[in-house]
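The end of the sequence shown is residue 280 by my numbering, with every number in the run present.
Even for Gly, the Cβ is constructed at its ideal location relative to N, Cα and C.
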Amino acid sequence: MTATSVGALLLCRADPEAVRPPAHLLRERMLLLPAGTGWSVLVPEGKPWRGEPHDGPDAAPAAPAAPGGAEPVDRVMGGWATALAVGATWPVIALWWDGDRSGYTLAAGFRRPVGYVWLADGTPAGEDEAMRTFAARLSLDPVLDVQELEALTRQDPEADADARLRELLAVLTRAGVALPPGLAPGEPADRLRTAAGVHPQVERIEWAGWRDAVQVELDAVESTGLGPWVRGPRARALAAAQVAAGIPLTLWGARRRGAGWLAAGLVLLVQGALGLAYDRFRAEAERGARGGGPVW
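So, in structure tokens, the structure goes:
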């Protein structure tokens, strides 16, 4: 087996707008694409894994680690999926294959990740309970979908490991998954990257420092339904109203020595002042970005 036979995808149960901010925090170059209704897929641009077989009783003897201590693809992808899911409200599925085995890892919040593995010839090498947990955490059909998932844990001489992953994806299509053309199990990383790169809606995710990550996070918040109340005319009006209400309330509390009224007035003053300062800060940052100057 060679490293060129290794490939992986990260399926996120969220739209690209929601996936973009946490994806930046992985500090890896990725291609982000829509992957169906309410789904996105991340395609690694690099290959930060080694191409040797996995450890385990059914795996071939392990070769020395690649320079830099690179790990097998399943560990790399499982770590990325967990990192994404911990900071999000949506689950992440890492699909991976390396020529000797194929499998998936599902991460959701702070719960323990679950996964399943098939050997190259399609022989199941995981625990049946993982499939039921997989279905439950993704809110799949407890009868139809679970039956099809459990079938993947039984021997099938006509289905190899890549076919098993394709059958898994077929179940996920009922949950809205629709991978873009060219992104299929068994394809090497270079082909996956090429196929993703020509997609008309592709976005490149690249780490550019903490300031860039914070900027992306702020943009994501402002693009939601809360946006008008965070920045813009509504936000300024709300902040001004908080300041206007906070000043007399604070004075009233100070004169009457009412700790509750004083605290309420100070809270309104601080919130209003921060709202006005944030709106001005973001406006100046945008002007600086358009003019090519510093944005912070």
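In whole angstroms, what separates the C-alpha of residue i from that of residue j?
i: Val186; j: Leu235; result: 55 Å
i: Ala261; j: Tyr100; result: 50 Å
i: Thr117; j: Val182; result: 35 Å
i: Ser(-11); j: Leu103; result: 14 Å
i: Leu(-7); j: Pro141; result: 26 Å
i: Arg264; j: Asp129; result: 51 Å
i: Gly93; j: Met115; result: 18 Å
i: Ala120; j: Ile77; result: 14 Å
i: Ala247; j: Pro217; result: 27 Å
i: Val25; j: Glu268; result: 34 Å
i: Ala65; j: Gly249; result: 44 Å
i: Leu10; j: Trp191; result: 8 Å
i: Leu17; j: Ala67; result: 19 Å
i: Trp23; j: Leu133; result: 20 Å
Leaving out five residues on either side along the sequence, give the residues of the same chain with a beta carbon under 8 Å from the beta carbon of residue i.
i: Ala257; result: Ala223 and Val227
Apart from the five residues on each side of it in sequence, which residues of its chain come closer than 6 Å, Cβ to Cβ, to residue i?
i: Ala2; result: none
i: Thr21; result: Gly160
i: Gln255; result: Gln226
Excluding the 5 residues preceding and the 5 following residue i in the sequence, name in chain order all residues of the same chain whose CB lies nearer than 7 Å to its CB.
i: Ala147; result: Gly106
i: Ala69; result: Pro75, Val76, Ala91, Ala92 and Gly93
i: Ala229; result: Leu252
i: Leu79; result: Ala(-8), Leu(-7), Leu(-5), Tyr88, Leu149 and Pro169
From the options, pick the residue whose C-alpha is nearest to that of residue i; which is it?
i: Asp84; options: His8, Ala109 and Gly71; result: Ala109
i: Arg96; options: Leu167, Gly62 and Leu15; result: Gly62
i: Ala145; options: Glu29, Ile189, Pro165 and Glu171; result: Glu171
### Query
Which whole runs of the beta strand (DSSP E) in the stretch 78 to 136 are 3 residues long or more, in chain order?
85 to 91 and 98 to 103
### Message
Between the stretch 146 to 166 and the stretch 118 to 129, can you find at least three pairs of beta-carbon atoms closer than 8 Å?
### Response
yes
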